[in-house]
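Protein chains in written order, with the working numbering: chain A, 1 to 239; chain B, 240 to 478.
Worksheet for the structure shown next.
Number of protein chains: 2
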Amino acid sequence: MPNPTAAMLVIGDEILSGRTRDANMYFLAGELTKQGITLAEVRIVGDESKDIVAAVQALSERYDTVFTSGGIGPTHDDITADCMAAAFERHIDVRDDARALLAAHYQSTGSELNDARLRMARIPDGAALIDNPVSVAPGFTIENVHVMAGVPSVFQAMVATVLPTLKGGAPLLSQSLRIDRGEGDIAGPLATLAAEFADLSIGSYPFQKNGAYGANIVIRGTDGARIDAAITKLAEMFA
Amino acid sequence: MPNPTAAMLVIGDEILSGRTRDANMYFLAGELTKQGITLAEVRIVGDESKDIVAAVQALSERYDTVFTSGGIGPTHDDITADCMAAAFERHIDVRDDARALLAAHYQSTGSELNDARLRMARIPDGAALIDNPVSVAPGFTIENVHVMAGVPSVFQAMVATVLPTLKGGAPLLSQSLRIDRGEGDIAGPLATLAAEFADLSIGSYPFQKNGAYGANIVIRGTDGARIDAAITKLAEMFA
């Protein structure tokens with residue numbers, strides 16, 4: 001049975017403007033791979049309502065699970081929760097359970113639960129809250145979409161909460177072999193190998209070091225013995 | 240007049256599996272911003288023909304310019320050129336101009352121009368070659384799509400070739416101000432500021448340092464005097 005599929009939607013002008021280098025996608029990709037869930041597509045869109053709505057609808061329909069990051073803070077450009085409500089035609093307002101979390105937190109820290117902070121308690125009807133052990137304001141799950149913060153420490157904590165609840169697949173295993181030949185010399189034998197081991201994914205990642213060409217060949221799959229067989233054959237080809 | 244728009248399509252299993260952290264998107268985002276071109280969307284897909292075709296068609300139709308990275312090498316998983324031909328319904332085969340480039344290069348280096356390397360001369364009809372000063376195998380431009388290599392040094396060289404040929408807009412300017420208050424205390428005044436300066440983009444990027452909360456407020460736009468006025472008003476609000 002093929003592994004479950006996932007997609008990620010990164011929301012925020014700061015990635016697209018080049019101000020911030022994405023860290024959440026790289027983190028999530030690694031975590032999903034370990035759990036045997038195939039990250040099949042990523043989209044990055046800006047803080048535009050119609051773009052966010054269209055992207056989450058397309059990804060939610062196509063993949064088993066969707067993760068979003070960004071746009072759930074207290075400021076005027078944090079529009080993700082309202083976009084999710086629109087995408088799934090749910091009513092949205094400040095919800096009592098989320099308000100209670102924030103009220104307790106701000107009381108203990110001596111800050112005011114003002115209108116801006118209350119925006120973080122806007123949760124679509126029927127969504128389940130995702131715990132935020134870092135800064136309290138929750139994420140939420142709506143249909144097959146997990147809506148999470150963009151701040152990396154919070155994003156990672158939310159992923160840690162959500163991942164154990166998902167049905168994983170067989171973990172993706174991999175082995176790699178460095179071949180100190182030009183990729184053009186490797187490609188022919190590699191295609192033969194890929195045809196023989198069609199159940200595996202075989203990638204070639206070229207490099208150039210001190211003027212010499214080479215490539216790291218990475219063989220991925222869920223059957224360790226098959227990967228062993230393929231990498232052994234590959235090593236023989238270039239012995 | 241609004242600035243020209245661009246999208247990027249990153250092609251490759253290695254980003255989605257978490258093996259490689261993307262560098263090309265971050266580089267391109269910064270370059271486009273400097274040139275006044277708005278990077279409006281990024282998609283990352285794996286080495287699947289139908290996904291690549293669908294994504295490039297959608298992005299090409301919607302944005303002024305599209306950049307792709309990855310999948311134009313000599314190995315069996317390098318399918319980008321064929322996907323571009325399919326997406327724009329063009330014939331594709333080894334093209335004489337590209338073959339000549341490769342033949343000269345491999346003759347000078349003493350390597351054989353074998354079938355695998357010849358795959359890198361497969362260029363759709365009507366596409367214009369993009370120079371590759373690093374490792375010769377060219378990229379190409381088809382319709383409004385610039386098809387480039389995934390290896391960062393080659394990608395960057397190709398961007399340097401293509402960018403001067405594009406119509407830029409007013410460069411995006413920015414100023415930022417660090418405010419050592421919780422984002423929830425900043426959000427209200429910030430929304431007022433954003434409403435007054437609706438022609439600017441005002442973003443808030445929260446941080447936590449030594450237990451204290453703060454946020455960097457970044458104000459972006461194409462009119463330096465307006466940005467000055469907004470950042471001055473912001474500073475007064477939190478003086």
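Where is the CB? At the ideal position from N, CA and C, for every residue including glycine.
Three-way DSSP call (helix, strand, coil) for residue i in this model
i        : result
B:Arg459 : strand
A:Ser201 : strand
A:Gln156 : helix
A:Lys167 : coil
B:Ser374 : coil
A:His91  : coil
B:Val281 : strand
B:Ile311 : coil
A:Thr20  : coil
A:Ala249 : The displayed coordinates of chain A run from 1 to 239. Any statement about residue 249 of chain A would go beyond what the structure contains.
B:Pro445 : strand
B:Ala297 : helix
A:Val145 : strand
B:Ala451 : strand
A:Leu113 : coil
B:Ile276 : coil
A:Val162 : helix
Buried or exposed (CB count within 10 angstroms, at least 16 for buried), residue i
i        : result
A:Ser108 : exposed
A:Arg220 : buried
A:Asp303 : Lying outside 1 to 239, the shown extent of chain A, residue 303 of chain A is not represented and no answer is given.
A:Glu183 : buried
A:Ser135 : buried
A:Asp93  : exposed
B:Thr319 : buried
A:Ala194 : buried
B:Asp364 : exposed
A:Asn210 : exposed
B:His330 : exposed
B:Gly349 : exposed
A:Gly224 : exposed
A:Ala116 : buried
B:Thr404 : exposed
A:Arg19  : buried
B:Ala454 : buried
A:Pro74  : buried
B:Arg301 : exposed
B:Asp336 : exposed
A:Asp77  : buried
Closer than 8 angstroms to chain A by CB, residue i
i        : result
B:Asn353 : yes
B:Tyr302 : no
B:His356 : Here the sequence assigns Arg to residue 356 of chain B, which means His is not the residue at that position. True, the Cβ-Cβ gap to chain A drops below 8 angstroms.
B:Gly310 : no
B:Gly408 : no
B:Ile283 : yes
B:Glu280 : yes
B:Gly349 : no
B:Thr380 : no
B:Val272 : In the sequence as presented, Val is not what sits at residue 272 of chain B; that position holds Thr. So yes, B:Thr272 belongs to the interface.
CB-CB length for residue i against residue j, believed under 8 angstroms
i        : j        : result
A:Leu59  : A:Glu31  : So it is not a contact: roughly 18 angstroms between Cβ atoms.
B:Asp303 : B:Ala360 : The Cβ separation is near 29 angstroms, so there is no contact.
B:Ala376 : B:Leu341 : 7 angstroms
A:Pro171 : A:Lys34  : 6 angstroms
B:Ser256 : A:Ala29  : 6 angstroms
A:Ser118 : A:Arg95  : Reading off the sequence, residue 118 of chain A comes out as Leu, not Ser. Their Cβ separation, rounded to whole angstroms, is 10 angstroms, which puts A:Leu118 and A:Arg95 out of contact at 8 angstroms.
B:Thr380 : B:Ala366 : 6 angstroms
A:Asp147 : A:Ile72  : The question names Asp, but residue 147 of chain A in the sequence shown is Val. Confirmed, about 7 angstroms.
Any non-hydrogen atom of the ligand SAM closer than 7 angstroms to residue i Cβ
i        : result
B:Pro391 : Inclusion of the ligand SAM in the displayed structure is not the case, the ligand content being empty and no account of it being possible.
Neighbour flag for residue i against chain B, beta carbons, 8 angstroms
i        : result
A:Glu14  : yes
A:Leu59  : no
A:Gly182 : yes
A:His146 : no
A:Val66  : no
A:Gly30  : yes
A:Gly18  : yes
A:Val241 : Since the first residue of chain A shown is 1 and the last is 239, residue 241 of chain A is not available in this structure.
A:Arg279 : In the structure displayed, chain A extends from 1 to 239; residue 279 of chain A sits before or after that span and is not available.
A:Pro206 : yes
A:Gly221 : no
A:Pro74  : yes
A:Leu101 : no
A:Leu190 : yes
- Query: Pairing CB atoms from the region 411-429 of chain B with CB atoms from the region 323-334 of chain B, are three or more of them under 8 angstroms?
  - Reply: With a cut-off of 8 angstroms, the region 323-334 of chain B and the region 411-429 of chain B do not count as touching, because too few Cβ pairs lie within range.
- Evaluate the contact criterion for the region 305-315 of chain B versus the region 246-263 of chain B: three or more CB pairs, one atom per stretch, below 8 angstroms. Note that the region 305-315 of chain B touches the region 246-263 of chain B; at least 3 beta-carbon pairs, one per stretch, sit closer than 8 angstroms.
- Message: For the pair the region 442-454 of chain B and the region 277-297 of chain B, tell me if three or more CB-CB distances fall below 8 angstroms.
- Response: The count of Cβ pairs closer than 8 angstroms, one atom from the region 442-454 of chain B and one from the region 277-297 of chain B, stays below three, leaving the stretches out of contact.
- Message: When you compare the region 286-298 of chain B with the region 257-267 of chain B, are there three or more beta-carbon pairs, one atom per stretch, that lie closer than 8 angstroms?
- Response: When C-beta atoms of the region 286-298 of chain B are compared with those of the region 257-267 of chain B, fewer than three pairs fall below 8 angstroms, so the two segments do not count as touching.
- Message: Tell me whether the region 227-235 of chain A and the region 360-370 of chain B touch, counting them as touching only if at least three CB pairs, one residue from each stretch, are closer than 8 angstroms.
- Response: In short, these stretches do not touch, since the Cβ pair count stays below three.
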